[in-house]
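Asker: In our numbering, the protein residues as written are 88 to 444.
Here a beta-carbon is modelled for each residue, glycine too, at the ideal position from N, C-alpha and C.
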Amino acid sequence: MIKLVVRGLPSRTWEEREAERKHRAQIASRQGVIGLMHPIKDPEILAKYPPKTPPSGWLIIDKPSGMTSNDVLTKIKRKFGKFKLGHTGTLDPLATGVLPIAVGQASKLMSFIPDTSKAYTFTVKWGEATDSDDSDGTITATSKVLPTQKQIKAALPSFIGTIMQTPPAFSAVKVSGKRAYKLARQGETPDLTPKEITIKSLKVVSFDARNQTTFKVECSAGTYVRAIARDMAKMLGTYGHIIALRRIKSGKFTEKDTIPLANFLEIEQIDDALLHFLPVTTVLDDIPALAINEVEARAIERGAPIPALPLIERLGIKVSNDSYFQLYYEGKFYAMAIIGGAKIKPVKVFVGKFLNE
Numbered sequence: 088m089i090k091l092v093v094r095g096l097p098s099r100t101w102e103e104r105e106a107e108r109k110h111r112a113q114i115a116s117r118q119g120v121i122g123l124m125h126p127i128k129d130p131e132i133l134a135k136y137p138p139k140t141p142p143s144g145w146l147i148i149d150k151p152s153g154m155t156s157n158d159v160l161t162k163i164k165r166k167f168g169k170f171k172l173g174h175t176g177t178l179d180p181l182a183t184g185v186l187p188i189a190v191g192q193a194s195k196l197m198s199f200i201p202d203t204s205k206a207y208t209f210t211v212k213w214g215e216a217t218d219s220d221d222s223d224g225t226i227t228a229t230s231k232v233l234p235t236q237k238q239i240k241a242a243l244p245s246f247i248g249t250i251m252q253t254p255p256a257f258s259a260v261k262v263s264g265k266r267a268y269k270l271a272r273q274g275e276t277p278d279l280t281p282k283e284i285t286i287k288s289l290k291v292v293s294f295d296a297r298n299q300t301t302f303k304v305e306c307s308a309g310t311y312v313r314a315i316a317r318d319m320a321k322m323l324g325t326y327g328h329i330i331a332l333r334r335i336k337s338g339k340f341t342e343k344d345t346i347p348l349a350n351f352l353e354i355e356q357i358d359d360a361l362l363h364f365l366p367v368t369t370v371l372d373d374i375p376a377l378a379i380n381e382v383e384a385r386a387i388e389r390g391a392p393i394p395a396l397p398l399i400e401r402l403g404i405k406v407s408n409d410s411y412f413q414l415y416y417e418g419k420f421y422a423m424a425i426i427g428g429a430k431i432k433p434v435k436v437f438v439g440k441f442l443n444e
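What follows is the structure, encoded as structure tokens:
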């Protein structure tokens, strides 16, 4: 038997230490906490997240520059353990700002989010092109042509509305099964197909220097702000790339909903961490909600459709096929469902109440 001697502590065998580790893990698991955060102690929190029920909700992080969106998820997983996490839109390493994180059950709602629009502020440096269209890349071309304030403002209307945009070479778009940025890093020029995007508004915020301009843009999901800078510079007869990028809105989430990543990672008590979670249904405000009875709830949990007419009459509004609904039972969010013909069919069930009876 191997003895372990720890300076300042009584010696213990490896088996004793392993038994203690497993005991601590079992306690944490029973309290719904796996990872480095301290166990739940607050009675109200325990009532909301009973044993073996991991926390769920939306955590809106203010991402710092210099890391990927997946880096943020990795750091949060180290804090929470192996909870299911996802984000609703990748931010470039250079970018800062609003990064919604879906925790636990919230990840099931990502495909139902009605508002996927984004808003950014960004600063363009004129006269230089980079291979990534931002300051993280290598300069590939320069020009002495610097656009005037009048020329820049005159160019804005060309980028407002529904337009076609070619993604940057350094992007996650797949080309023949491979990510474009991987091909670009290998020295290849990926053949990228322009795609349709919508830019609701594009305004000048400030002229920061002779060769720098800051803008604010409201756009559809999938818009590459780096490509806006690249294409505007080309229209103005010069080169340009982004030197600062901040997301100020993602769907319904804004900067006021965020907590800086560093601040969140400093939290020790999970009770305190959960104060920064927004409810799972926060993203569903624009989707009608229906209350169902026990018979309907039992059917929904089994995955069976229920008659639509009684529920629609309760709601009192006109609906069409393929409309989504939130279903509530006993005042709690129960499932997402869709209308098909005369039936309401469950798409995602969130509460298991009857199947274990």
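(1) If we call anything under 7 Å between Cβ atoms a contact, is K435 one with M423?
(2) Within 10 angstroms of its Cβ, does R333 collect 16 or more other Cβ (buried), or is it exposed?
(3) Please list, in chain order, all residues of the same chain as Q192 whose beta carbon is under 7 Å from its beta carbon, the five residues on each side excluded.
(4) Going by beta-carbon coordinates alone, are V185 and T345 separated by less than 7 Å?
(5) When burial is assigned at 16 or more other CB atoms within 10 Å of the CB, is K343 buried or exposed?
(6) Is the beta carbon of I147 sitting closer than 7 Å to the one on F302?
(7) A206 and I315: beta carbons closer than 7 Å?
(8) Classify M423 as helix, strand or coil using the three-state DSSP reduction.
(9) How long is the line joining the alpha carbons of A331 and D373, rounded to whole angstroms?
(10) With DSSP collapsed to three states, give me the class of M319.
(11) By a C-beta neighbour count over all protein chains shown, 10 Å radius and 16 as the cutoff for buried, is V120 buried or exposed?
(12) Three-state secondary structure (DSSP) at D358?
(13) Which of the three DSSP states is assigned to R165 in this structure?
(14) So is E87 buried or exposed if we call it buried at 16+ other beta carbons inside 10 Å?
(15) Taking 7 Å as the threshold (beta carbon to beta carbon), is K336 in contact with chain D?
(16) Grouping DSSP H, G and I as helix and E and B as strand, with all else coil, what is F246?
(17) Hey, T325 and S230 are a contact pair by Cβ (cut 8 Å); roughly how many whole angstroms apart?
(18) Following the continuous alpha helix (DSSP H) through V291, name the residue where it begins and the one where it ends.
(19) Can you list, in chain order, the stretches of the beta strand (DSSP E) that have 3 or more residues and sit fully within the stretch 388–412?
(20) Hey, how far is the Cα of L196 from the Cα of L414?
(21) Do you know how far the Cα of Y311 is from the Cα of F209?
(22) Kindly indicate which three-state DSSP category S307 falls into: helix, strand or coil?
Answerer: Taking the structure as given:
(1) yes
(2) buried
(3) S143, V367 and F437
(4) yes
(5) exposed
(6) no
(7) no
(8) strand
(9) 33 Å
(10) helix
(11) Here the model assigns V120 a pLDDT of 39, short of 50, so the residue's position is not dependable and the matter cannot be decided.
(12) helix
(13) helix
(14) The structure shown does not extend to residue 87, since the chain is modelled only from 88 to 444, so the question has no answer here.
(15) This model lacks chain D altogether; it includes just one protein chain.
(16) helix
(17) 5 Å
(18) It is not in any alpha helix (DSSP H) - V291 instead sits in the beta strand (DSSP E) that spans K282 to A296.
(19) none
(20) 13 Å
(21) 12 Å
(22) coil
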